[in-house]
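**Student:**
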Amino acid sequence: MIALRYEQVVVKQGATEHRRACIDVGRIRLLFCSLWIAVISSASAQSACAWYLPINVSNRQSWEQVRLTKIGEFGLVRKARPGIPAHYHTATDFMRPGDNYENEPIFPAAAGRVISQRDDGPFAQLIVEHVTHDHDTLWTVYEHIADLTVVVGDTVDPFVPIGRFMTKKELSKYGWQFDHVHFEIMKHRPRPLQPTKKTPMRLFKVYNLECYTKAELEKYYYAPHEFFQACWNMASR
Ligand SMILES: [Zn+2]
Numbered sequence: 000m001i002a003l004r005y006e007q008v009v010v011k012q013g014a015t016e017h018r019r020a021c022i023d024v025g026r027i028r029l030l031f032c033s034l035w036i037a038v039i040s041s042a043s044a045q046s047a048c049a050w051y052l053p054i055n056v057s058n059r060q061s062w063e064q065v066r067l068t069k070i071g072e073f074g075l076v077r078k079a080r081p082g083i084p085a086h087y088h089t090a091t092d093f094m095r096p097g098d099n100y101e102n103e104p105i106f107p108a109a110a111g112r113v114i115s116q117r118d119d120g121p122f123a124q125l126i127v128e129h130v131t132h133d134h135d136t137l138w139t140v141y142e143h144i145a146d147l148t149v150v151v152g153d154t155v156d157p158f159v160p161i162g163r164f165m166t167k168k169e170l171s172k173y174g175w176q177f178d179h180v181h182f183e184i185m186k187h188r189p190r191p192l193q194p195t196k197k198t199p200m201r202l203f204k205v206y207n208l209e210c211y212t213k214a215e216l217e218k219y220y221y222a223p224h225e226f227f228q229a230c231w232n233m234a235s236r
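Anchor point for the sequence shown: position 98 equals 97 in numbering that gives the first Met the number 0, and the numbering is continuous, going up by one each time.
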């Protein structure tokens, strides 16, 4: 009975391994194993970090396999171009993690709910609202994505894709500069928008072209690398 009870709360890999090793042994050993599992489970529960990279690498809680585009670093100053003044880059631009140009998935970084979507080609964008375990609300943004699998109001799971990187055909049509996912973590609720015919479910606008000083950048955005690393470090303590 004890073993069964703990079986229900064991969710972490390490603990699962131990549980397997403990099955079908004598009663005393069973009790010992169950207590051991309980210790591991409670440690995991306290230290779990619910945030994951939005790309499909083997360890989504490590920066080791991350590759960014040349100008994809968060906080880089982007030069002025026609109609757009120079501004800070508010995102991290993740490169495609492999050479899958068919269906390379993009995941939400944590559980949450979709509050805005647009799927007009290279500017396709999803905004997801997250409530953290200490009841903070923050927002993640995914841009240049294709084949959205969710709509406004849907809840998302960090292990279920919300879209994919563009295919070669799409990139040839829109431009290869979009061969990445532009990923933002916002501290502020995005600005409400009046939907248009072309983008009827684009209900919010992000602050990506409103950050002209470091102070503005810090007011609206987390640096994704620092944000993730802080969560992962806390979890490994
Ligand atoms: Zn970007």
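All C-beta atoms in this analysis are idealised placements derived from N, C-alpha and C, irrespective of residue type, glycine included. Fair warning: this is a prediction, and the values are worked out from it, not measured in the lab.
#1: Give the DSSP-derived three-state secondary structure of residue 145 in the structure shown.
#2: When the Cα atoms are used, what is the spatial distance from residue 182 to residue 88?
#3: Look at the alpha carbon of residue 43 and the alpha carbon of residue 127, and state the distance between them as a whole number of angstroms.
#4: Compare the Cα-Cα distances from residue 167 to each of 161, 160, 178 and report the closest residue.
#5: Please report the straight-line C-alpha distance between residue 219 and residue 129, rounded to a whole angstrom.
#6: What residues does ligand 1 have around it, judged by CB closer than 5 Å to any heavy atom, in chain order?
#7: First and last residue of the beta strand (DSSP E) that includes residue 115?
#8: Need the endpoints of the alpha helix (DSSP H) that residue 60 sits in, please.
#9: DSSP on residue 231, reduced to helix/strand/coil?
#10: Which residues share a DSSP beta bridge with residue 169?
**Tutor:** Walking through what the data contain:
#1: strand
#2: 11 Å
#3: With a pLDDT of 45 at residue 43, under the threshold of 50, the modelled position of this residue cannot be trusted; read the value that follows with caution. Looking at the two C-alpha atoms, the distance is approximately 26 Å.
#4: 178
#5: 15 Å
#6: 90, 92, 181
#7: 111-117
#8: Premise fails: residue 60 is in no alpha helix (DSSP H) and is neither H nor E.
#9: helix
#10: Note: residue 169 sits in no beta bridge, so no partner.
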